[in-house]
Structure formats: C-alpha cells, structure tokens
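For reference, the structure discussed in these notes is given below.
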Amino acid sequence: MNLRTPLPATLRLSDFRLIAFDMDSTLIDIETVDALAEIAGCGAEVAALTEAAMRGEIADYKTSLRERVALLRGLPLSALQAVYDRLRLNPGAETLIATCQRAGLRVILLSGGFTFFTDRLRDRLKLDDTRSNVLEIEDGKLTGRMLAQPWGEVCDGEAKKDKLLECCRALGIAPAQAIAVGDGANDLPMLGAAGLSVAYHAKPAVRAQAMVRIDEGGLDRLLDLFEHTD
Numbered sequence: 003m004n005l006r007t008p009l010p011a012t013l014r015l016s017d018f019r020l021i022a023f024d025m026d027s028t029l030i031d032i033e034t035v036d037a038l039a040e041i042a043g044c045g046a047e048v049a050a051l052t053e054a055a056m057r058g059e060i061a062d063y064k065t066s067l068r069e070r071v072a073l074l075r076g077l078p079l080s081a082l083q084a085v086y087d088r089l090r091l092n093p094g095a096e097t098l099i100a101t102c103q104r105a106g107l108r109v110i111l112l113s114g115g116f117t118f119f120t121d122r123l124r125d126r127l128k129l130d131d132t133r134s135n136v137l138e139i140e141d142g143k144l145t146g147r148m149l150a151q152p153w154g155e156v157c158d159g160e161a162k163k164d165k166l167l168e169c170c171r172a173l174g175i176a177p178a179q180a181i182a183v184g185d186g187a188n189d190l191p192m193l194g195a196a197g198l199s200v201a202y203h204a205k206p207a208v209r210a211q212a213m214v215r216i217d218e219g220g221l222d223r224l225l226d227l228f229e230h231t232d
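Quick note, the sequence shown lines up with residues 3 to 232 if you use the numbering used here.
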C-alpha cells in the first residue's frame, strides 16, 4: 500500500462515518458490461471502449456507456443472471465491509454498472444504499437503452459524487468523514470529494490522484491504515 498524502499517525476507522465503493473491478472482479458483451458477441469492441473510459481517454462517459449498452440489444434477461452467477467479490471485500459496519460506517455502492447487479450485491452484503443504471427490458430482453431515474439517466462520475455528498448530508457529516474506493477515471469525482480516497488496483490517472493506493493484495489492506479496527 502506498500513500500519496501523509495521514495522521493515529487514524481510526471510527473517525469516518461513510464508505463508498465502486463496483466493477473494485468491489467485484469483472466489468459487468464487458461480460454481457461477451455473451452478445461484441466482447472485444465493448472491452476496448470500457478500458478507454476507465483510463480517462473518453471525455464523454455518458455517450460511451450508451454506445456500449446499445450493443447489448436483444440479450435475454438470463444473460444478466449468468454474469451475476460468475462474478466474484474481490479479495478482502467482505472483511473490509463487515469491519466498517461494526465500526458504525454506512456502506454504499456507486456504480456506472447496472441495478441488476448492485441490487443483488446490496442485499447480499447488507449495504445501506446504491446508485447505478437501469437497463430497459421488454419481453424479457434488453432494448439497448437505459431508463431515466429521478437523478438522471446515466450514473457517471458526477452522479457518483452527487450521491456521496447526498448521503453525507443525510447523515449530517462533512465529506471529510467519508471514504471512497475506486479504480477508474469515472471514480475521480467521488474520490476528490471524500476525506480519504483509495485507488484499488487502479488505472494510472486514479493512482496518481488518490491519497492511498492498494496495488497488491485485497481490499482489506485498507485496514492497515488504521490504529485498530473498532
């Protein structure tokens, strides 16, 4: 683990009240849109777009995601379940989340992925809240479009940041009491808003800006920062 910014010597997990995770390639081991694209027969094309977006090489994330989702048109609902069945939590995820919950932190999942996955992970891990995208489904198949939600249609970096700040306001805490963990360029806004930003096996732009880098080992390496877990 590497620190870009000096941290207090006696940092405690209970100094924080909220932790926000990205989903794809952070909390879980795959990019769900890429896995769906493999089933749809356009895996290489979508994976290249995803990689460019995560590296920050595509300025318009919303348009990029819409283009990738459009290529999924016609996929049956069973494809979503097949991808969920194969995804795995990244090492240390359950330990870190459970330790944060015991210390009294709210745990949220903010994703440019899809509610089909975030809802199931929320229930499985007993998370407090999520924000992600809704895939439109008609007659049991994806239409290639996403549905608008009260906050907008596409959960991009700004939508992630907005949700993090919204949760801070609801808890009556300052953003400095929030931790954000991510790996791609669309995580940078929420990482910049949080009091402690963590890059997990991240793209170069994220490693360069996050306060803490976990380049080896699991998510629970983050616990090494703290004086002790409460």
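Beta carbons: idealized from backbone N, C-alpha and C, even for Gly. In this text the structure is predicted, and so the values were computed from the model without any measurement.
Could you compute how far the alpha carbon of residue i sits from the alpha carbon of residue j?
| i | j | result |
| --- | --- | --- |
| Gly184 | Pro206 | 12 angstroms |
| Asp232 | Pro78 | The predicted position of Asp232 is uncertain, since its pLDDT is 49 and thus under 50; a value taken from the coordinates is nonetheless stated next. Answer to the nearest angstrom: the Cα atoms are 45 angstroms apart. |
| Asp222 | Ile216 | 10 angstroms |
| Ala22 | Ala150 | 23 angstroms |
| Ile175 | Arg104 | 18 angstroms |
| Leu224 | Met3 | 8 angstroms |
Mapping the DSSP letters down to three states, classify residue i as helix, strand or coil.
| i | result |
| --- | --- |
| Arg40 | Reading the sequence as shown, one finds Glu at residue 40 and not Arg. Looking at Glu40 - three-state DSSP - the assignment turns out to be helix. |
| Ser27 | coil |
| Arg209 | helix |
| Met192 | helix |
| Ala176 | coil |
| Gly159 | helix |
| Arg171 | helix |
| Leu9 | coil |
| Leu74 | coil |
| Leu91 | strand |
Going by CA-CA distance only, name the one from the options that's closest to residue i.
| i | options | result |
| --- | --- | --- |
| Pro177 | Asp189, Ala212, Lys163 and Asn188 | Lys163 |
| Val156 | Arg19, Ala182, Glu138 and Leu167 | Glu138 |
| Glu47 | Arg57, Val35 and Arg133 | Val35 |
| Cys170 | Leu29, Gly115 and Leu107 | Leu107 |
| Ala55 | Arg68, Met148 and Gly43 | Arg68 |
| Thr28 | Asp226, Ala150, Met213 and Gly94 | Gly94 |
| Leu38 | Phe118, Pro10 and Asp17 | Phe118 |
| Leu20 | Gly58, Val109 and Met148 | Val109 |
Opposite residue i in the DSSP bridges: which residues?
| i | result |
| --- | --- |
| Ser199 | Ala182 |
| Arg108 | Leu20 |
| Val136 | Leu149 |
| Leu144 | Ile139 |
| Arg215 | Asn4 and Ala201 |
| Phe116 | Asn135 |
| Gly220 | None, per the DSSP bridge assignment. |
Tell me where the alpha helix (DSSP H) around residue i begins and ends.
| i | result |
| --- | --- |
| Ile99 | Ala95 to Arg104 |
| Gly45 | Gly45 to Met56 |
Going by DSSP, what residue range makes up the beta strand (DSSP E) through residue i?
| i | result |
| --- | --- |
| Arg88 | Arg88 -> not in any beta strand (DSSP E); alpha helix (DSSP H) instead, spanning Leu79 to Arg88. |
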